Amino acid sequence: MKLIDNYGRVLKDLRISITPRCNYHCVYCHPLGMEMSDPPGTVSVADVRHFLAAAASLGMDAVRFTGGEPLVRRELPEMIAAAAGTPGVKDVAITTNGSIFRKRHKELVAAGLQRVNISLDAVDPQVFRRLTRGGDVNVVLDAIDLSLELGLHPVKLNAVVIGGVNESEVPALAAMSLERPLHVRFIEYMHLNNAPFDEYRRQYVSGAETRRRIEERFGKLEPVETDPSSPARVWRIAGSQGTIGFINSVSEPFCSHCSRLRLTSDKKIRPCLLTELELDIAPAFTAADPVAALREALLLAAGKKPKQGSTLPTLRERVMLGIGG
Ligand code: SAM
Numbered sequence: 150m151k152l153i154d155n156y157g158r159v160l161k162d163l164r165i166s167i168t169p170r171c172n173y174h175c176v177y178c179h180p181l182g183m184e185m186s187d188p189p190g191t192v193s194v195a196d197v198r199h200f201l202a203a204a205a206s207l208g209m210d211a212v213r214f215t216g217g218e219p220l221v222r223r224e225l226p227e228m229i230a231a232a233a234g235t236p237g238v239k240d241v242a243i244t245t246n247g248s249i250f251r252k253r254h255k256e257l258v259a260a261g262l263q264r265v266n267i268s269l270d271a272v273d274p275q276v277f278r279r280l281t282r283g284g285d286v287n288v289v290l291d292a293i294d295l296s297l298e299l300g301l302h303p304v305k306l307n308a309v310v311i312g313g314v315n316e317s318e319v320p321a322l323a324a325m326s327l328e329r330p331l332h333v334r335f336i337e338y339m340h341l342n343n344a345p346f347d348e349y350r351r352q353y354v355s356g357a358e359t360r361r362r363i364e365e366r367f368g369k370l371e372p373v374e375t376d377p378s379s380p381a382r383v384w385r386i387a388g389s390q391g392t393i394g395f396i397n398s399v400s401e402p403f404c405s406h407c408s409r410l411r412l413t414s415d416k417k418i419r420p421c422l423l424t425e426l427e428l429d430i431a432p433a434f435t436a437a438d439p440v441a442a443l444r445e446a447l448l449l450a451a452g453k454k455p456k457q458g459s460t461l462p463t464l465r466e467r468v469m470l471g472i473g474g
C-alpha cells in the first residue's frame, strides 16, 4: 500500500513535531518568549504510536522527530522506540540543535535512533551566540563529534544562511565536510518567522550565492549522485570526506518531489510546510479504533496536499517553531 496524493507523489516521510518548546531562540525561527511546559493536548507517546502504526500501514517508512527542540521532551526515547518498533518503519531520525545531545544520547541510541540532523548555523562562537540568542557553539560541536563516534549515519548539519548575520560563516561551515563524513546542508532562509518583509528580503541569500562563496574558497564543487526526492542538491569539495548540499526551497522549490506530511505537536496534519492549511485530527486519537481513524485522516490529508507551496513573504498564523522543520 502506498499513500499517493492527487499529483502522483508518493508520501513516505513523516515529520512529527513533539513539542513547541525550544531552549534556543534562533533569530530566523523563534519568536521571543519561551514556553515552560507543553500545552495540554500535546501529542503523547501513545498518540505517536497510533499515528505511526496508521502511517506505516499506508507505506510511510521514514520518521523524523522535530520541534521545537525534540530533546527537551522527556518522552523522546519512548517515541523513538515506538517508531523503531513499528513494522514498516525503516528510518528513525531527529532534527536537533544538539545542545543536550551529550546528556541524553545513551537513552536515544538505546531506543533505536539511527541518525541525526544537527543545526549549526555558525562556527564562530560570537556569531553562533547572537544567532541562537545565547547558545554555546562548543556544546554543539561536541554533539557533532559524539554523533560520529556513536556511528550514527549519516550525520547532517543544517545551516540557514542569513545575509548580514552568518553568511561570512559559509566557508567555515563548508570546511566541516573536509576531514570527516559530515554532510553540511545550506538551507535558504524562508519567510516562516513573520519577520518584517523588507528585512527578510534584505537578509535572504540564494543557494547560488552561497555556492559561489564556497567555490571561491575551495574550487569547483564536484556533483554527488542524490535521490531525486531529496530536497538537497548535493556536491563535494574535491577530496573531502563529507558533502555539501543546497536546499534551495525559495529559489528552486522542490514541491514536485515532495514526499512529506507533518504532524504538529498540537495534533494537526500539515500537508505542506509552506501552505497554512492544517487538518485538526485530535478527535481521531480518541476514537474507539485510533489507528483506523488516523489512517482515514492521513488519506484525507494526502488528498489535500497542495501541488505547491508559496515562499512569498506573508504573515503566517504559525511560525516554523510550531510546525516542526
Ligand atoms: N530545534 C531543532 C533544530 O534546531 O534543529 C529542530 C527544529 S528546527 C525548526 C528544524 C529546522 O528548521 C532547522 O534545521 C532550522 O534550521 C530550520 N528552520 C527554521 N526556521 C527556518 C527558516 N526561517 N528558514 C529555513 N529553515 C528554517
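With our numbering as the guide, the letters of the sequence shown map in order to residues 150 to 474. We put the beta carbon where it would ideally sit given N, CA and C, even for glycine. On a predicted model such as this, the values are computed, not experimentally measured, just so you know.
- Rounded to whole angstroms, residue 269 and residue 338 show a C-alpha spacing of 14 Å.
- Going by C-alpha positions, residue 262 is about 27 Å away from residue 277.
- The ligand SAM approaches residue 469 closely enough that one of its heavy atoms is under 7 Å from the residue's Cβ.
- The bridge partners DSSP lists for residue 213 are 164 and 242.
- With contacts defined as CB atoms closer than 8 Å, residue 211 and residue 161 qualify as a contacting pair.
- For the ligand SAM, a non-hydrogen atom lies closer than 7 Å to the CB of residue 215.
- The continuous beta strand (DSSP E) containing residue 337 extends over residues 331–337.
- In the DSSP assignment, residue 353 forms a beta bridge with 311.
- Secondary structure at residue 452: helix, using DSSP grouped into helix, strand and coil.
- Residue 395 and residue 415 have their C-alpha atoms spaced approximately 30 Å apart.
- Under the three-state reduction of DSSP, residue 221 is assigned to helix.
- Contact check between the segment 286–295 and the segment 357–377: fewer than three CB pairs, one atom from each, fall below 8 Å, which does not count as touching.
- Inter-residue distance for residue 240 and residue 473 is about 18 Å (C-alpha atoms, whole angstroms).
- By the Cβ test, the segment 407–422 is not in contact with the segment 381–391, since fewer than three Cβ pairs between them sit closer than 8 Å.
- Sequence-distant partners of residue 196 (beyond 5 residues in either direction) whose C-beta falls short of 6 Å from its own C-beta, in its chain, are 434.
- With fewer than three CB-CB distances shorter than 8 Å, the segment 221–229 does not count as touching the segment 450–460.
- For residue 394, the beta-bridge partners assigned by DSSP are 334 and 383.
- When only Cα atoms are considered, residue 188 and residue 167 end up about 11 Å apart.
- In the structure shown, residue 363 falls within a helical segment according to DSSP collapsed to helix, strand and coil.
- Nearest to residue 398 by alpha-carbon distance, out of 345, 388, 423 and 232, is 423.
- By the criterion of a C-beta distance shorter than 6 Å, residue 403 is surrounded in its chain by 380, once the five residues flanking it on both sides are discounted.
- Residue burial annotation: residue 252 is exposed, with fewer than 16 other C-beta atoms found within 10 angstroms of its C-beta.
- In the three-state DSSP reduction, residue 287 falls in the helix class (H, G or I).
- Residue state for residue 326 is assigned as coil, using DSSP reduced to three classes.
- A distance below 8 Å separates the beta carbons of residue 332 and residue 391.
- Inclusion of residue 400 and residue 355 in the CB contact set at 8 Å is warranted, their separation being smaller than that value.
- Here residue 342 is not near residue 464, since their CB atoms are 8 Å or more apart.
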